[in-house]
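Novice:
The structure is reproduced here in structure tokens:
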């Protein structure tokens, strides 16, 4: 038996007036998701705990069976490893942005005009050799990823992830001084290092001819690096070790890839899986159908539902849900249903009204052999609440799926 | 958005034969509570954990989002702070009763004939200067509240709340020797202090002319002080700090007030809110409607349902529930429903049959904007069990409400 887990990022929602009091899930035509609900067992899940809005990192950890309240150690390292930057257990990594600041170090543009990846790469070359006035005693790696995005990795002794962000998250605010969150000398040392680097980056960037060229072209100069989300790798047992399974993932987001990599899953590269509205769900379905032949567990993640929610676009969200339904339809047609469990859920609620992650539970449905089916006929936030799984936590989903695959270990004798 | 939480103390119950197998909630006419259920989302909540009967202190802590299993440190300090007796974090406070004992220190009347507050106050004056043979090294404060009730507060170094009661809780039993619950020297020291005080109080009281006068009048003398419920303040983050909200409470019971004070809520004084059958629910409703204009969260507590249950009076309990319904009706009419969440629940089950707090879950209903409504039409223990919230714990209610207000902080990034 195999299992496929389909996750629509931020797909769960609240009732929306413009959808006649329905949620986007309830308002969309999704015959395959409804078929899974009707032929399966349904429930609702709290991603972290009732009422707590989850970040995508914590929510994805939970879906893979890792309790975020126990294992979560920040986003930076997960994002880094998902961006193919090697991270060791003691490294501290930060998410960074190339940004535009004025003379007083006030942030003018947090993304330096969404600088093209090529320009960012050229600027990143300047940091290949980081010469500071003093030796900080750590190995410093800076790598840009897509557009303005980059990763800063610190490797060495006595580092801590317990430091604040230099990114003020708002235009018009000054670049923040990084400070220790706890009272340890490690946190103080790490904060000092990041503050020195922030200054160094600014000094190097402000004199750079690439920025002079950008200004001539009327583009905002990328004259600062903002850092946030200091993190270490979560200390988790990879799925292959924990359950004796082969696991794979189809996802576009570096963060989701990072979590899955930490979980020991194979990252499948699917051209056309973009993480945006135009993502190629047919290609994703094809990749899943192929992967399930040689893996016990395949996780497929679609980001665009969350994007539509953050954009406050209910119509678009309905459209993406219908696209996900088509993807699942291709998967259902492509696999042996006598030997395959299919689970559908969302990592968290993202409200098209607030544009934010919310702490409401998410619906879940699991169909396949051996399932204790219930009488839920439709996949939605309110219908699934009446299902046979009741109310549970996202961290419980993985053991439930693994139990159905016969992969969980007995507790007791 | 604002939120109002209405709590009927011990309002939840079990089916009662004399109510034709209905619970008091099910047997009462409560159109407004039913309207909230019909237009909201319902569920059931375990106040502490399934099957565990909660004390009022623990149950109220849970309703305000504090896990009693983690933060609870006895009732004494909560009762004291709710009676406007100042309590510092290291103080140990006890609930006390003036009582009547015979020559052998056997309890004859646990409440000294429910001695009038005036007599109790005069007796308390005798303790203004407590002169013991030896210096106990602590500051001792004794204050009477209503009738036979009083508070003993110990302030000083090396005190512990881990000591037993001197109150045997039954007539015909001797005053108990207070002993340490754990093996710490602090508990031993605290027990010794209370034992010395118990003896001192008895010696002072038995010679007092007020008691001689009481005996002449045929009243039981208040010749002893019984102590119970040693406690310290729970170490909690006040709601304003945790959620950035302004919170207020309308309640009559010192214990509930104490918990709310610890939670950083404003205590609203409502003349006519008595904590008994004759409590003025119209005045309470008015106070809530006014408070919600300047507060984000208003908690209104009605004690009389619990009183009726302890009295074993099902008819009376139905009557009080109908009174609560009228209160909620006034609240519903007084607020802007487009901007206000209203939640209704009970702190615990109090059975009119057993007269005791029981460990059954309580019903809950929340109505307001953004709610994922369900198809429950009536507010009751059994109807709400089929609601969209499923089964949760009381400690989860506050994060759920704060999430709907947009006040919870994201976990993860």
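Protein chains in written order, with my numbering: chain A, 579 to 991; chain B, 579 to 991. Cβ atoms here follow ideal geometry from the backbone N, Cα and C, with glycine treated the same way.
At least one CB of chain B closer than 8 Å to the CB of residue 760 of chain A: is that the case?
Specialist: Position 182 of the first chain, counting from 1, holds the residue named residue 760 of chain A. It does not; no Cβ of chain B falls within 8 Å.
Novice: In angstroms, rounded to a whole number, what distance separates the CA positions of residue 876 of chain B and residue 895 of chain A?
Specialist: If you number the second chain from 1, residue 876 of chain B lands on position 298. If you number the first chain from 1, residue 895 of chain A lands on position 317. Rounded to the nearest angstrom, the two C-alpha atoms are 35 Å apart.
Novice: Helix or strand or just coil, what does DSSP make of residue 756 of chain A?
Specialist: Position 178 of the first chain, counting from 1, holds the residue named residue 756 of chain A. Coil, per DSSP.
Novice: At 8 Å on the CB atoms, spell out the chain A contacts of residue 969 of chain B, in chain order.
Specialist: Mapped onto the second chain, residue 969 of chain B falls at position 391. 968 and 969, listed in chain order.
Novice: Per DSSP, which one or two residues make a beta bridge with residue 592 of chain A?
Specialist: Reading the first chain from its first residue, position 14 is the one you call residue 592 of chain A. Paired residue(s): none; residue 592 of chain A is not in a bridge.
Novice: Looking at the C-beta of residue 989 of chain B, does it have a partner C-beta in chain A at a distance below 8 Å?
Specialist: Here the question's residue 989 of chain B lines up with position 411 in the second chain. Answer yes: the Cβ-Cβ gap between residue 989 of chain B and chain A drops below 8 Å somewhere.
Novice: Report yes or no: is there a C-beta of chain B within less than 8 Å of the C-beta of residue 935 of chain A?
Specialist: The count along the first chain starts at 1 and reaches residue 935 of chain A at position 357. It does; some Cβ of chain B falls within 8 Å.
Novice: Hey, residue 966 of chain B and residue 960 of chain A: beta-carbon distance below 8 Å or not?
Specialist: Position 388 of the second chain holds residue 966 of chain B. Position 382 of the first chain holds residue 960 of chain A. Yes, the Cβ-Cβ distance between residue 966 of chain B and residue 960 of chain A is below 8 Å.
Novice: Please determine if the stretch 666–675 of chain A and the stretch 735–748 of chain A are in contact, where contact requires at least 3 C-beta pairs separated by less than 8 Å.
Specialist: Contact between the stretch 666–675 of chain A and the stretch 735–748 of chain A is present, because at least three Cβ pairs lie under 8 Å.
Novice: As an exercise, report each continuous beta strand (DSSP E) stretch of at least 3 residues that is fully enclosed by the stretch 639–697 of chain B, in chain order.
Specialist: Segments of the beta strand (DSSP E) lying fully in the stretch 639–697 of chain B: 670–679 and 685–687.
Novice: In chain order, what residues of the stretch 849–860 of chain B put their CB closer than 7 Å to some CB of chain A?
Specialist: Those residues of the stretch 849–860 of chain B that come within reach of chain A (Cβ to Cβ, closer than 7 Å) do not exist; the list is empty.
Novice: Can you find the residues in the same chain that come closer than 6 Å, C-beta to C-beta, to residue 766 of chain B, ignoring five residues on each side of it along the sequence?
Specialist: Position 188 of the second chain, counting from 1, holds the residue named residue 766 of chain B. Closer than 6 Å at Cβ, skipping near neighbours: 758.
Novice: Alpha carbon to alpha carbon, what distance is there between residue 911 of chain A and residue 871 of chain A?
Specialist: Within the first chain, numbered from 1, the residue matching residue 871 of chain A stands at position 293. Within the first chain, numbered from 1, the residue matching residue 911 of chain A stands at position 333. Whole-angstrom Cα-Cα distance: 14 Å.
Novice: Compare the C-alpha of residue 655 of chain A against each of A/868, A/719 and A/796 and name the closest.
Specialist: Numbered from its first residue, the first chain carries residue 655 of chain A at position 77. The option with the nearest alpha carbon to residue 655 of chain A is A/719.
Novice: Using a Cβ-based criterion (distance less than 7 Å to any ligand heavy atom), does residue 701 of chain B qualify as near the ligand NAP?
Specialist: Ligands displayed in this structure: none; no statement on the ligand NAP is therefore possible.
Novice: Whose Cβ in chain A lies nearer than 7 Å to the Cβ of residue 946 of chain B?
Specialist: Stepping through the second chain from its first residue, residue 946 of chain B is reached at position 368. Ordered by position in chain A, no residue passes the 7 Å Cβ test against residue 946 of chain B, which lies about 11 Å from the chain.
Novice: Whole beta strand (DSSP E) runs in the stretch 697–733 of chain A with 3 or more residues, listed along the chain?
Specialist: List check, beta strand (DSSP E) in window: 717–722 and 727–733.
Novice: According to DSSP, is residue 888 of chain B helix, strand or coil?
Specialist: As a position in the second chain, residue 888 of chain B is number 310, starting the count at 1. If DSSP states are grouped into helix, strand and coil, residue 888 of chain B belongs with the helices.
Novice: For a quick check, are the C-beta atoms of residue 844 of chain A and residue 825 of chain A less than 8 Å apart?
Specialist: Counting from 1 along the first chain, the entry for residue 844 of chain A is found at position 266. Counting from 1 along the first chain, the entry for residue 825 of chain A is found at position 247. In contact: residue 844 of chain A and residue 825 of chain A (Cβ atoms closer than 8 Å).
Novice: Can you confirm whether residue 950 of chain B, when its beta carbon is compared against all beta carbons of chain A, has any partner nearer than 8 Å?
Specialist: Along the second chain, read from residue 1 onward, the residue named residue 950 of chain B stands at position 372. With 8 Å as the cut-off, residue 950 of chain B counts as an interface residue toward chain A.
Novice: Kindly indicate if chain B contains any beta-carbon less than 8 Å away from that of residue 618 of chain A.
Specialist: The residue you call residue 618 of chain A lines up with position 40 of the first chain. Chain B, which has no Cβ nearer than 8 Å to the Cβ of residue 618 of chain A, makes this no.
Novice: May I ask you to report which of helix, strand or coil DSSP gives residue 952 of chain B?
Specialist: Here residue 952 of chain B corresponds to residue number 374 of the second chain, with the count starting at 1. The answer is coil: DSSP assigns residue 952 of chain B none of H, G, I, E or B.
Novice: So, at 7 Å on beta carbons, what are the nonlocal neighbours of residue 786 of chain A in its own chain, with the 5 sequence-adjacent residues on each side left out?
Specialist: For the purposes of this step, residue 786 of chain A is identified with residue 208 of the first chain, where counting begins at 1. 701 and 704, listed in sequence order.
Novice: Can you find a C-beta in chain B that's less than 8 Å from the C-beta of residue 723 of chain A?
Specialist: Looking up residue 723 of chain A in the first chain gives position 145. Taking Cβ atoms only, chain B never reaches closer than 8 Å to residue 723 of chain A, which makes this a no.
Novice: What's the gap between the Cα of residue 794 of chain B and the Cα of residue 682 of chain B?
Specialist: Residue mapping note: residue 794 of chain B aligns to position 216 of the second chain, counting from 1. Residue mapping note: residue 682 of chain B aligns to position 104 of the second chain, counting from 1. Going by the C-alpha atoms only, they are around 21 Å apart.
Novice: Where does residue 790 of chain A land, buried or exposed, given buried means 16+ other C-beta within 10 angstroms?
Specialist: Start at 1 with the first residue of the first chain, and residue 790 of chain A comes out as number 212. By the 10 Å Cβ count, residue 790 of chain A comes out exposed.
Novice: When you compare each of A/649, A/936 and A/782 to residue 983 of chain B by their alpha carbons, which one comes out closest?
Specialist: If you number the second chain from 1, residue 983 of chain B lands on position 405. The option with the nearest alpha carbon to residue 983 of chain B is A/936.
Novice: Alpha carbon to alpha carbon, how far is residue 725 of chain B from residue 954 of chain B? Give it in angstroms, no decimals.
Specialist: The residue given as residue 954 of chain B occupies position 376 in the second chain. The residue given as residue 725 of chain B occupies position 147 in the second chain. Each residue's alpha carbon lies about 44 Å from the other.
Novice: Could you name the residues of the stretch 954–985 of chain B whose beta carbon sits closer than 7 Å to any beta carbon of chain E, in the order they occur along the chain?
Specialist: No chain E is part of this structure, whose protein chains are labelled A and B.
Novice: Using a beta-carbon distance cut-off of less than 7 Å, what residues from the stretch 593–614 of chain A approach chain B?
Specialist: Of all residues in the stretch 593–614 of chain A, 593 have a Cβ within less than 7 Å of some Cβ in chain B.
Novice: Tell me, please, whether the CB atom of residue 547 of chain A is closer than 8 Å to any CB atom in chain B?
Specialist: In this structure chain A extends from 579 to 991, so residue 547 of chain A is not present and cannot be described.
Novice: By the criterion of Cβ-Cβ separation under 9 Å, what are the contact partners of residue 627 of chain A in chain B?
Specialist: Here residue 627 of chain A refers to the residue found at position 49 when the first chain is read from its first residue. What residue 627 of chain A touches in chain B: 974, 977 and 989.
Novice: Mind pulling the chain B residues with CB within less than 9 Å of residue 807 of chain A?
Specialist: Numbered from its first residue, the first chain carries residue 807 of chain A at position 229. Result: 991.
Novice: For residue 916 of chain B, does the count of other Cβ atoms within 10 angstroms reach 16, so buried, or fall short, so exposed?
Specialist: The count along the second chain starts at 1 and reaches residue 916 of chain B at position 338. Exposed, by the Cβ-count rule.
Novice: Three or more C-beta pairs closer than 8 Å, one from the stretch 940–957 of chain B and one from the stretch 605–614 of chain B: is that the case here?
Specialist: Judged by Cβ distances under 8 Å, the stretch 940–957 of chain B makes contact with the stretch 605–614 of chain B, as three or more pairs qualify.
Novice: Residues of the stretch 783–806 of chain A with a CB closer than 7 Å to any CB of chain B: list them in chain order, please.
Specialist: Going along the stretch 783–806 of chain A in chain order, one finds no residue with a Cβ nearer than 7 Å to chain B.
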